[in-house]
Every structure is written in C-alpha cells, then in structure tokens.
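To start, the structure under review is shown below, and the notes come after it.
In the numbering used here, the protein residues as written are 25 to 101.
If you want it as structure tokens, here you go:
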C-alpha cells in the first residue's frame, strides 16, 4: 500500500500550481497545503488539517487559511 503523501511537494503545471486533481486521493488537499506554504508562509506544524476542519465546522469556514484559499480561488476562477 502506498502512502498518500499529502504533505509532500507535488508536481503541477507552472500555469496552475494549485490545481485540484479530482482523480487523486488528496487531490484537493495537496494544492491547499502547497498554497498555505507558498502564499501564506505557513510554518511547519501550522497546517493541521484536523484543527482547520474543526474550526471551519464550528465557525463556518472562518479559518484564515481557508478564507485566503477561497479568495484565491474566486480570483482565479
């Protein structure tokens, strides 16, 4: 069985480095993590998916990383 490698660097085309791949497990998580690291300078350990999901569940997607991700996707759409 192969590990998911969600926190590894991903290969993406230069024109769409944060493109979501619907055919891959973690195809939406990898671009989000890469976005947080590259655009938001998120330090190691700050991208806790469990905490981000928990906070967004409680507060309706108000986590700063999710807010920035949503804004980025609106701008590029």
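For every residue, glycine included, the Cβ atom is placed at its ideal position computed from N, Cα and C.
Since this is a predicted model, take the numbers as computed values, not measurements.
For residue 55, count neighbouring Cβ atoms within 10 angstroms of its own Cβ and tell me buried if that reaches 16, exposed if not. buried
Could you pull the start and end residues of the alpha helix (DSSP H) that residue 95 belongs to? 88-100
Residue 81 burial status per 10 Å Cβ neighbour count (16 or more: buried): exposed
Do the CB positions of residue 66 and residue 42 come within less than 8 angstroms of each other? no
Quick one: is residue 57 buried, meaning 16 or more other Cβ sit within 10 Å of its Cβ, or exposed? By the neighbour-count rule (16 or more Cβ atoms within 10 Å), residue 57 is buried.
For residue 57, name the three-state secondary structure that DSSP assigns. helix
Taking the C-alpha atoms as reference points, what is the distance between residue 99 and residue 47? If you take the alpha carbons of residue 99 and residue 47, they lie about 24 angstroms apart.
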